[in-house]
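Chemist: Structure incoming, see below.
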Amino acid sequence: MVQILIRRTGYALATLFFVSIICFIIIQLPPGDYADAYAAKRHAGGEIIRAEEVEAIRHQLGLDRPMYIQYLNWMWGVVRGELGMSLEYKRPVSEVIAERLPLTLILAFSTMVFIYSVALSIGILSAVRQYSAADHFFTVIGYIGLATPNFLLALLLMYASHKWFGQSVGGLFSPQFQDAPWSWARLMDMLSHLWVPVVVLGTAGTAFQIRTMRAVLLDELNKMYVIAARSTGLSEFRMLMKYPVRIALNPIVSTLGWELTRVISGAPIVGVVLSLPDTGPLFLKSLLDQDTYLAGAMILIYCTLVIAGTFISDVLLIILDPRIRYERLT
Amino acid sequence: MPKDMLLEIKDLEISLLVESHMVNIIDNVSFDLKFGEVIAIVGESGCGKTVTSQAIARLLPRELKILSGKILFYSKIDERVLDVCKLDPKGKTIHYIRGDQIGMIFQEPMSSFSPVYTIGNQICEVIRLHQKVSKKKARNISIELLDTVGIPNPVAAVDQYPHEFSGGMRQRAMIARAISCNPSLLIADEPTTALDVTIQAQILVLLQELQKEFGMAIIFITHDLGVVAQISHRVFIMYMGKIVEEGSVHDIFHNPKHPYTENLIHAIPKLGNLRERRRLVPIRGNVPSIFDELHGCAFHPRCKFFMPDKCDVHFPKCKHLTSNHSVWCYLYE
Ligand SMILES: Nc1ncnc2c1ncn2[C@@H]1O[C@H](COP(=O)(O)OP(=O)(O)O)[C@@H](O)[C@H]1O
Ligand SMILES: [Mg+2]
Chain A
0 MVQILIRRTG
10 YALATLFFVS
20 IICFIIIQLP
30 PGDYADAYAA
40 KRHAGGEIIR
50 AEEVEAIRHQ
60 LGLDRPMYIQ
70 YLNWMWGVVR
80 GELGMSLEYK
90 RPVSEVIAER
100 LPLTLILAFS
110 TMVFIYSVAL
120 SIGILSAVRQ
130 YSAADHFFTV
140 IGYIGLATPN
150 FLLALLLMYA
160 SHKWFGQSVG
170 GLFSPQFQDA
180 PWSWARLMDM
190 LSHLWVPVVV
200 LGTAGTAFQI
210 RTMRAVLLDE
220 LNKMYVIAAR
230 STGLSEFRML
240 MKYPVRIALN
250 PIVSTLGWEL
260 TRVISGAPIV
270 GVVLSLPDTG
280 PLFLKSLLDQ
290 DTYLAGAMIL
300 IYCTLVIAGT
310 FISDVLLIIL
320 DPRIRYERLT
Chain B
0 MPKDMLLEIK
10 DLEISLLVES
20 HMVNIIDNVS
30 FDLKFGEVIA
40 IVGESGCGKT
50 VTSQAIARLL
60 PRELKILSGK
70 ILFYSKIDER
80 VLDVCKLDPK
90 GKTIHYIRGD
100 QIGMIFQEPM
110 SSFSPVYTIG
120 NQICEVIRLH
130 QKVSKKKARN
140 ISIELLDTVG
150 IPNPVAAVDQ
160 YPHEFSGGMR
170 QRAMIARAIS
180 CNPSLLIADE
190 PTTALDVTIQ
200 AQILVLLQEL
210 QKEFGMAIIF
220 ITHDLGVVAQ
230 ISHRVFIMYM
240 GKIVEEGSVH
250 DIFHNPKHPY
260 TENLIHAIPK
270 LGNLRERRRL
280 VPIRGNVPSI
290 FDELHGCAFH
300 PRCKFFMPDK
310 CDVHFPKCKH
320 LTSNHSVWCY
330 LYE
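So the protein lines, in turn, are chains A and B. So for the first sequence, numbering that gives the first Met the number 0 puts the first residue at 0; every next one is plus one. So for the second sequence, numbering that gives the first Met the number 0 puts the first residue at 0; every next one is plus one.
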């Protein structure tokens, strides 16, 4: 078990390393660099900028050095916890991100909790009561959920929350709490806004996981061990939870990392549409500005979250299914 | 119900409900079982053996309904005879009968245990469900049981997972779980069908020994008449949801009356056959589908004694040949 964990951690770190290289390359891919983007912006403002000036900025920021040197410098900083300076904000990247990252984490975490708590209970209900009215109802809702684009759902929910709940549109806070320090009231206010992005981000995933749970559980319910467990006199509920549901959790858990990926990659767009004060809008802007270090750090953080999610789902799976433990050991 | 009876099934009818249609699966089945008696129910696949046995523990899937009939079972906890058909299948009574007074083993030992819990966990669960014992005590009982059913090194086996067991060992563990609460009835639904011939014989011997040791009654279900001679006292031959012949093992093997029974006997491979070069005789045709509307005796399309306008009109009445040998066939009317 410990051996497997160590090996998995190794894989995760190796993946992270490769991902960091790819991140860096991707950021550098668009033609030009921050110096060009800066010049273009000043130019658009009516100023005249000479080529030497651009070159000077480039040199000052170290953007003229070979790519691998830039990468190594960046990585060396990352390892020590320094993410470099944001070229646009002229502040440390870590500072810029720190303001917004907690909200992203809260949003991602809440969405995951939403997806799995709703999907598991409805999935189980649908399978156990196959072809019942409830099953048909959730099947229809599920297909609608899968087929509705996030932005449309976002607009609908914004309208609903404004019209029926009298909430301000967009954002995560009511105006009076916008810049207030953290307090109980502010937390409550945030939670009352949080459901909109959570539902927007989570609906497709929930619908998908309901289908998965239902299909897998229906399969498991026909297995011999279910009737064998019933024949021991176990109550139906305990039998369901301990036997078929437990097995049906495997495919659910193994897609945890992948679901988190979907949530995290969906989050920036939802963040922009709903103008949330999380990392989403910041990320988009950093890409437009070619703010190398900021964008790099953000991609790296997103990737780390995904890799961590996958790692957790792997570990959970090993804990859940002794057959995997057994295979890996022998 | 007489005092020495454990189980009495009377005129049991079970139907399959398909979109407001009803198809009869079990038709007028009656049999009984004394305390400590071993009976065999024999018939080709699809003739309704599993459905009959699951009805006794009310384990039928939703689409199968008991239409009429009685399943009288002497419950030692209540100290009286209950009609299982009248119990709520989700109620308390059936739950303390299952596993405690009726143990069941199934055809597929490979999939009868959940792969994600240890054998010990799945046996202890049953023990603790029906008896007030500590975890440690339940574990010790499990180890003893595994020993009783002949699993080598039971102390280690109790913490092993099903995939670490061979098919034969799993069936032994399954038997251990089924008898863990000392049931008065053990239902063995084709327990040896999925196993190698040598393992089959071992399991049969084990069941026989356990029966002698614990004295429970056994309903042994099989499609292979060859394995019943050794273990059972009485045999019921089933065809398409009906019993067509019943009798002692001796009657059935040495004096079979129903053409179907005879056919089953000729289909048993015997070691001697190889030397004598006698051919095995397969039964003509296949078991019809439950959706075929067959009137009269369902065996008539395959029967070489088929009598038109008789066999295909009404099902024959019961003919008692001796006190416990009966047959349902127009040849004897
Ligand atoms: N859940 C079910 N749904 C539909 N048909 C069923 C179901 N269970 C059993 N049957 C039908 O009932 C008949 C008897 O089945 P079964 O008792 O399993 O036969 P066997 O004698 O092989 O154990 C078969 O024709 C089978 O197709
Ligand atoms: Mg069967």
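Note that beta-carbon positions come from the ideal geometry of N, C-alpha and C, so glycine has one too. This structure is a prediction, so every number in the text was calculated from the model and none was measured.
In chain order, what residues of the same chain have a beta carbon less than 7 Å from the beta carbon of Gly295/A, not counting five sequence neighbours either side?
Modeler: Taken in chain order, the residues that qualify are Cys22, Phe23, Ile26, Trp73.
Chemist: By a C-beta neighbour count over all protein chains shown, 10 Å radius and 16 as the cutoff for buried, is Phe136/A buried or exposed?
Modeler: By the 10 Å Cβ count, Phe136/A comes out exposed.
Chemist: Please determine if the region 37–44 of chain B and the region 225–234 of chain B are in contact, where contact requires at least 3 C-beta pairs separated by less than 8 Å.
Modeler: Yes, since at least three Cβ pairs between the region 37–44 of chain B and the region 225–234 of chain B fall closer than 8 Å, the two stretches touch.
Chemist: What is the rounded straight-line gap between the Cα of Met103/B and the Cα of Ile289/B?
Modeler: Computed Cα separation, rounded: 26 Å.
Chemist: For Gln100/B, is the classification buried or exposed, using 16 other Cβ atoms within 10 angstroms of its Cβ as the cut-off for buried?
Modeler: Answer is buried; the Cβ neighbour count reaches 16.
Chemist: Cβ closer than 7 Å: which chain A residues qualify as neighbours of Val125/B?
Modeler: Thr231, listed in chain order.
Chemist: Taking the alpha-carbon positions, what's the Leu124/A to Gly284/B distance?
Modeler: Looking at the two C-alpha atoms, the distance is approximately 43 Å.
Chemist: Quick check on Arg7/A - is its C-beta less than 8 Å from some C-beta in chain B?
Modeler: No, Arg7/A does not count as interfacial toward chain B.
Chemist: May I have the straight-line CA-CA distance separating Lys134/B from Cys123/B, to the nearest angstrom?
Modeler: Lys134/B and Cys123/B: Cα-Cα distance of roughly 8 Å.
Chemist: Could you give the distance in angstroms between the alpha-carbon of Thr329/A and the alpha-carbon of Met0/A?
Modeler: Since pLDDT at Thr329/A reaches only 45, below the 50 mark, its modelled position is unreliable, and no value is offered.
Chemist: Mind checking whether Leu60/A and Leu86/A have CB atoms under 8 Å apart?
Modeler: Taking 8 Å as the Cβ cut-off, Leu60/A and Leu86/A qualify as a contacting pair.
Chemist: Taking only three categories from DSSP, how would you classify Leu273/A?
Modeler: In the structure shown, Leu273/A sits in coil (DSSP, three-state: anything other than H, G, I, E or B).
Chemist: Taking the straight line between their C-alpha atoms, what separation do you get for Leu15/B and Asn23/B?
Modeler: Leu15/B and Asn23/B: Cα-Cα distance of roughly 6 Å.
Chemist: Using a strict less-than 6 Å threshold between each residue's beta carbon and the heavy atoms of ligand 1, what residues do you get?
Modeler: Output, sorted by chain position: Leu15/B, Ile24/B, Gly42/B, Ser44/B, Gly45/B, Cys46/B, Gly47/B, Lys48/B, Thr49/B, Val50/B, Pro60/B, Glu62/B, Leu63/B, Ile289/B.
Chemist: Considering just the uninterrupted stretch of the beta strand (DSSP E) at Val28/B, what are its terminal residues?
Modeler: Start and end: 20–33.
Chemist: Any heavy atom of ligand 2 closer than 7 Å to the CB of Asp223/B?
Modeler: No, Cβ of Asp223/B sits at least 7 Å from all heavy atoms of ligand 2.
Chemist: Which same chain residues end up closer than 6 Å to Ile56/A when comparing Cβ atoms and leaving out the 5 residues on each side of it in sequence?
Modeler: Here the set comprises Ala34.
Chemist: Residues in the region 238–252 of chain A with C-beta within 9 Å of chain B's C-beta atoms, listed in sequence order?
Modeler: Taking 9 Å as the Cβ-Cβ cut-off against chain B, the residues of the region 238–252 of chain A that qualify are Lys241, Tyr242, Pro243, Arg245, Ile246, Asn249.
Chemist: Any idea what DSSP makes of Leu60/A, helix, strand or coil?
Modeler: Leu60/A falls in the coil class under three-state DSSP.
Chemist: Roughly how far, in whole angstroms, is the beta-carbon of Val252/A from the beta-carbon of Leu315/A, given that I think they are within contact range, below 8 Å?
Modeler: So it is a contact: roughly 5 Å between Cβ atoms.
Chemist: Whose C-alpha, out of Leu193/A, Arg213/A, Tyr224/A, is nearest the C-alpha of Leu104/A?
Modeler: Nearest option by C-alpha distance: Leu193/A.
Chemist: Do the CB positions of Pro321/A and Val115/B come within less than 8 Å of each other?
Modeler: Yes, these two residues count as a Cβ contact at 8 Å.
Chemist: So, helix, strand or coil for Phe219/B, using DSSP?
Modeler: DSSP places Phe219/B in strand when its eight states are reduced to three.
Chemist: So which residues on chain B does Asp320/A lean against when the C-beta distance must stay under 7 Å?
Modeler: Under the 7 Å cutoff, chain B gives Val115.
Chemist: As a quick exercise: from Arg61/B, Met0/B, Val234/B, pick the residue whose alpha carbon is nearest that of Glu18/B.
Modeler: When each option's Cα is compared against that of Glu18/B, the closest is Arg61/B.
Chemist: Grouping DSSP H, G and I as helix and E and B as strand, with all else coil, what is Tyr73/B?
Modeler: In the structure shown, Tyr73/B sits in a strand (DSSP, three-state: E or B).
Chemist: Please classify Ile96/B: does DSSP put it in a helix, a strand, or coil?
Modeler: Helix, per DSSP.
Chemist: Below 8 Å on the Cβ atoms is my contact criterion, and I expect Asp26/B with Glu12/B to pass it. Report the Cβ-Cβ distance as a whole number of Å.
Modeler: That pair is a contact at about 6 Å.
Chemist: Report the residue ranges of all alpha helix (DSSP H) runs contained in full by the region 131–177 of chain A; include only those spanning at least 4 residues, in chain order.
Modeler: Listed in chain order, the complete alpha helix (DSSP H) runs (minimum 4 residues) inside the region 131–177 of chain A are 132–146, 149–164.
Chemist: Can you tell me whether DSSP reads Pro1/B as helix, strand or coil?
Modeler: Correct three-state label for Pro1/B: coil.
Chemist: Heavy atom of ligand 2 less than 7 Å from the Cβ of Glu107/B, yes or no?
Modeler: Flag unset: Cβ of Glu107/B not near ligand 2.
Chemist: Just verifying my parser: in three-state terms, what is the DSSP assignment at Lys222/A?
Modeler: DSSP places Lys222/A in coil when its eight states are reduced to three.
Chemist: According to DSSP, is Gly102/B part of a helix, a strand, or is it coil?
Modeler: The answer is strand: DSSP assigns Gly102/B an E or B state.
Chemist: Going by Cα to Cα distance, which pick from His313/B, Val280/B, Ile8/B, Asp3/B is closest to Leu71/B?
Modeler: Ranking the options by Cα distance to Leu71/B, first place goes to Ile8/B.
Chemist: What whole-angstrom Cβ distance do Ala172/B and Leu205/B have, given they're in contact under 8 Å?
Modeler: Going by Cβ atoms, the distance from Ala172/B to Leu205/B rounds to 12 Å, so no, they are not a contact pair.
Chemist: In the DSSP assignment, what residue or residues form a beta bridge with Val37/B?
Modeler: Val37/B pairs with Ile217/B.
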